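Using my numbering, the letters of the sequence shown map in sequence onto residues -12 to 283.
The beta carbon of each residue, even a glycine, is placed where N, CA and C say it ideally should be.
Every value quoted in this text rests on a predicted model; they were computed, and no experiment measured them.
These notes concern the structure reproduced below.
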Amino acid sequence: MQGGGGQTGGNATAGIVLMSVGVASLSANDALAKFLVADYSPLQILFLRNVIALPFAILLTLKMGGTAALRSGRPAAHLVRGALWIAATVLFFTSFLYLDLAEATALIFVAPLFITAISAAVLKEQVGRRRWSAVCVGFIGVLIVIRPGASAFQPASLLPVLTAFLYALLMLSARWVDARESVWTMLLYLTGASAFLSAFIVPFVWVPVRLGDLWFFAAVALFGTAGMTMMTQAFRLAPAAIVAPLDYSAIVWATAFGWLIWGEVPDRAAFYGAAVIIASGLYVIWRERRADPLQG
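Next up, the structure:
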């Protein structure tokens, strides 16, 4: 517990700032990936990002957790999580070839709804009718965005939805990791495992990297690592109920980056669908943070 009201308030403020900047950093990471994916495979982008970021992840883990944080009791669990991370990222980056940045970002925010649904169907956790209703409403928002059967429908719209499903599995798979391991250990092994596994596949899709593009790959690693680190620290400093909703500010950043760089302007249906997805996600977060979520 915190020592006093002022300290708690200060921590909450720091958490809000870190979360906001972290979300902006990850949005910049996505914008850079969209720029690079026109010339490089999503797998190559992910591989180089993780290889560049890995030394910094090691140093960060040492600083925050000491040498003990470099060891894991269940490395196999981290390999599975690395495989899920690779699949999710490759699908998400591939969607940038066909979709506006804001549309792809909006669709990935169905992940909390998938987490709720998987927890109930597979893990047999109790989920009340209100949260089930929120899940159904959220998926209606997805249908509004992708518009199946309409002339504007793109099969590529399913890629961010699949990404969200894999991301939900990634989040739930954290339960397989030794409970004694710190979040810094998990971040390190996620980076390392995805770099290790993607190294076996990337030679088949590798193209020579132009010298001028090295700066963009470095920026992807910088913004991606910084974003994840700041968001992780935000959850350590402030209650999740305060900082988790700020994740949805990525929609604003994605819209701004898409408009400034590519002149993308989402249509009205995309905005309406995104609003429904965000509202249902926020409701799920709110219900889960109540003292007795089983009453939901």
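Quick check on residue i: does DSSP put it in helix, strand or coil?
i      : result
Met217 : helix
Arg197 : coil
Pro253 : coil
Gly115 : coil
Ser267 : helix
Ser7   : helix
Tyr27  : coil
Leu110 : coil
Arg274 : helix
Arg342 : Here the chain covers residues -12 to 283 and nothing more, so residue 342 does not appear.
Here's a check: name, in chain order, each residue in its chain whose Cβ is nearer than 7 Å to the Cβ of residue i, leaving out the five neighbours to either side.
i      : result
Arg68  : Leu157, Ser160, Leu177 and Ala180
Pro253 : Asp87, Ala89, Glu90 and Thr242
Phe43  : Thr212
Ala182 : Phe34, Asn37, Val38 and Leu41
Arg61  : Trp163, Val164 and Asp165
Would you mind reading off the limits of the alpha helix (DSSP H) that contains residue i?
i      : result
Ile238 : Ala237 to Trp249
Ala228 : Ala227 to Val230
Below 8 Å on the Cβ atoms is my contact criterion, and I expect residue i with residue j to pass it. Report the Cβ-Cβ distance as a whole number of Å.
i      : j      : result
Ile95  : Pro147 : 5 Å
Arg274 : Arg117 : 6 Å
Leu71  : Asp17  : Actually they are not in contact, since the Cβ atoms of Leu71 and Asp17 sit about 18 Å apart, beyond 8 Å.
Ile127 : Val263 : 6 Å
Leu13  : Ala237 : 7 Å
Thr172 : Gly52  : 6 Å
Ala93  : Ala257 : 7 Å
Leu221 : Gly2   : Looking at the sequence itself, residue 221 is Ala, so the reference to Leu does not match. About 4 Å separates the two Cβ atoms, so the contact holds.
Ala74  : Leu153 : 5 Å
Phe187 : Val196 : Between Val196 and Phe187 the Cβ distance is about 19 Å, and since that is not below 8 Å, they are no contact.
Within its chain, find whatever has a CB closer than 6 Å to the CB of residue i; leave out the 5 residues flanking it on each side and keep chain order.
i      : result
Met217 : Leu5, Val8 and Gly9
Please return the same chain residues whose Cβ sits closer than 8 Å to the Cβ of residue i, not counting the five positions on each side in sequence.
i      : result
Phe210 : Ser12, Leu13, Ala15, Asn16 and Leu19
In chain order, each alpha helix (DSSP H) run of at least 4 residues that lies wholly inside the region 54 to 105: 62 to 82 and 88 to 95
Uninterrupted alpha helix (DSSP H) stretches inside the region 138 to 191 (no shorter than 4 residues): 145 to 159 and 170 to 185
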